[in-house]
Structures are given as structure tokens and as C-alpha cells.
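Q: Just passing along the structure, written as C-alpha cells.
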Amino acid sequence: MLPGEPSTHSACTLWFVGSSSIHRWTSLQQDMAPWMTHNRGINSAMLTDILPRFANIDPAEGRPRAIILYVGENDIASGVPVRTVMRQVGALFDLRDRLLPGVPVLMLSAKPSPGRKQFLGEQRLMNVATRNFLPHMRAAYYGDITTPLLVDGKLGDNYQPDGVHMNAKGYRIWAQVVRARLGDILPPAMIKACAAAR
């Protein structure tokens, strides 16, 4: 199972699925209010960790309004080729279609980070591949967190001391991107109703 199994379900629920960059987003509920968020991140996960857990989602957990997905960075850092990463992303979307048909997925770009500068080239290739891939999937959307993390083309002060994970400022940038993209993806009436419900 994915971690963070909802104990209660809301009509205004978002699932955040992915690796440690999701897992460590401790201010997620605050940053994304009034949405109800479920942090389903797995520390240090690669797609081979996430896929079998996603495959075991219990339908009783309910359907989120959207899934925000952050995957691939650890895979790239571990030497997995971009082609393999994208094949596994495709398998994840196949699982979504089978288990949660119609639930939109917002896939975030691989973030640049000072601690992984040596992988920036592969991350760029993955982001281009993701942009080209998602239009061929149903209810699949791209969220660019790469550009707003750069200041004059350079990495800003958005990182924890490990040089890889986001600090509070970095996560606020993520939240702004997610909110803006959800505004493009979800029906305005739904967004208005969820804002009023809280």
C-alpha cells in the first residue's frame, strides 16, 4: 500500500504521491489549504518502489480530486536511463487508468538541486520527455517547478542543508505551482465549492 492511507475521505481531497521530496513536505496541509491533502510520499523511493504500492490501492480509500506526482529524480540519480524512467511512468499511468479512471494526474518536473548538479542534463532530458509524453495520456498534466526555483538562471536559497530537499521557501514555490495548475485543470465550480467547504 502507499503510505498515508486516508482515515477519512473528503470530496476535496488531493493525493501527493512520490519520493522523499513529497514525504518530507511536512507543511503540505498548511501550504495547500483549504484542500484536504494526503501525503503518500515514500522516503528515498524510486519508481520500482512506488509502482507495486500504487497497484495495491484499496478502492475503499475513495477517489481524490487529483493526484500530484513527483517521481524520477532518485531514479536518475541512481543511474536509471531516462527511457526506462518514462516506461515506468507509463506503467504508473496504466495503473491509474485501471484503479482510478478519470482522476487527473499533475506530474511535476524533476527539480534542479545543488546537491545533484551532475544530473541536471539527465533531468532536463526527463523533463522534455515528460512534456512530450503527458499529452498522449488521459487526464495527464505537467507542472513546471524547475523554472520558479531558478533565480536569474541559478539555483536560489530554496534547499535544506543536504542540497537536495526543499526548505519551507522551496515548498511554498511548489504549492504556488500546484495551485495554479489545479486552477487550469479542475472545474472552477469544484474549486469554489472546496474553498467554501473549509
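Taken in order, the sequence shown gives residues 1149 to 1346; the numbers are from the working numbering.
Beta carbons are placed, not taken as given, at the ideal position from N, Cα and C, and that holds for glycine.
1. From the DSSP output, in three-state form, read off I1293 for me.
2. Output the residue ranges of the beta strand (DSSP E) runs that lie fully inside the stretch 1192-1223 and measure 3 residues or longer, sorted by chain position.
3. With W1322 as the anchor, note down where its alpha helix (DSSP H) starts and where it stops.
4. Does the Cβ-Cβ distance between L1217 and V1165 come in under 7 angstroms?
5. So D1223 and M1194 are supposed to be a Cβ contact under 8 angstroms. How far apart are they, rounded?
6. Measuring only the C-alpha atoms, how far is A1288 from D1310?
7. Kindly indicate which three-state DSSP category G1227 falls into: helix, strand or coil?
8. Counting pairs of beta carbons, one from the stretch 1166-1182 and one from the stretch 1201-1213, are three or more of them closer than 8 angstroms?
9. Pick helix, strand or coil for V1299, following the three-state DSSP scheme.
10. With distance defined between alpha-carbon atoms, name the residue in P1283, P1262 and R1213 nearest to V1251.
11. For M1274 versus G1220, is the C-beta spacing smaller than 7 angstroms?
12. Please specify which runs of the beta strand (DSSP E), each continuous and at least 3 residues long, are wholly inside the stretch 1233-1265, giving them in chain order.
13. Measuring alpha carbon to alpha carbon, tell me which residue in S1167, L1248 and L1330 is nearest A1208.
14. Please work out which residues of its chain come closer than 8 angstroms, Cβ to Cβ, to I1198, disregarding the five sequence neighbours upstream and downstream, and give them in chain order.
15. Among all the DSSP beta bridges, which residues are the ones paired with G1189?
16. Taking the alpha-carbon positions, what's the R1231 to L1334 distance?
17. Note down, in chain order, each residue of its chain lying with its Cβ closer than 6 angstroms to the Cβ of W1163, except the 5 sequence neighbours on either side.
18. Under three-state DSSP, which class holds T1161?
19. Please report the distance separating the alpha-carbon of Q1236 from that of T1196.
20. Got a sec? Which residues, its chain only, sit under 8 angstroms from M1234 by beta carbon, not counting five neighbours each side?
A: Concretely, from the data shown:
1. DSSP places I1293 in the coil class of the three-state scheme, outside both helix and strand.
2. Listed in chain order, they are 1214-1218.
3. That run of the alpha helix (DSSP H) goes A1316 to I1333.
4. Yes, Cβ-Cβ distance for L1217 and V1165 is below 7 angstroms.
5. About 5 angstroms separates the CB atoms of D1223 and M1194; that is less than 8 angstroms, so the two are in contact.
6. Approximately 31 angstroms between the Cα atoms of the pair.
7. Secondary structure of G1227 (DSSP, three-state): coil.
8. The count of Cβ pairs closer than 8 angstroms, one atom from the stretch 1166-1182 and one from the stretch 1201-1213, stays below three, leaving the stretches out of contact.
9. It is a strand residue.
10. Out of P1283, P1262 and R1213, R1213 has the C-alpha closest to the C-alpha of V1251.
11. With contacts defined by Cβ atoms closer than 7 angstroms, M1274 and G1220 form a contacting pair.
12. List check, beta strand (DSSP E) in window: 1253-1256.
13. Of the candidates S1167, L1248 and L1330, the one whose C-alpha sits nearest the C-alpha of A1208 is L1248.
14. The beta carbon of I1198 sits closer than 8 angstroms to those of L1150, V1165, G1166, S1167, I1190, V1219 and L1240, all from its chain and outside the five residues before and after it, given in chain order.
15. In the DSSP assignment, the residues bridged to G1189 are G1166.
16. Rounded to the nearest angstrom, the two C-alpha atoms are 30 angstroms apart.
17. So the qualifying residues of the chain are H1186, R1188, P1212 and I1215.
18. DSSP places T1161 in the strand class (E or B) of the three-state scheme.
19. Roughly 8 angstroms separates the two Cα atoms.
20. Correct list, in chain order: M1274, A1277, T1278 and F1281.
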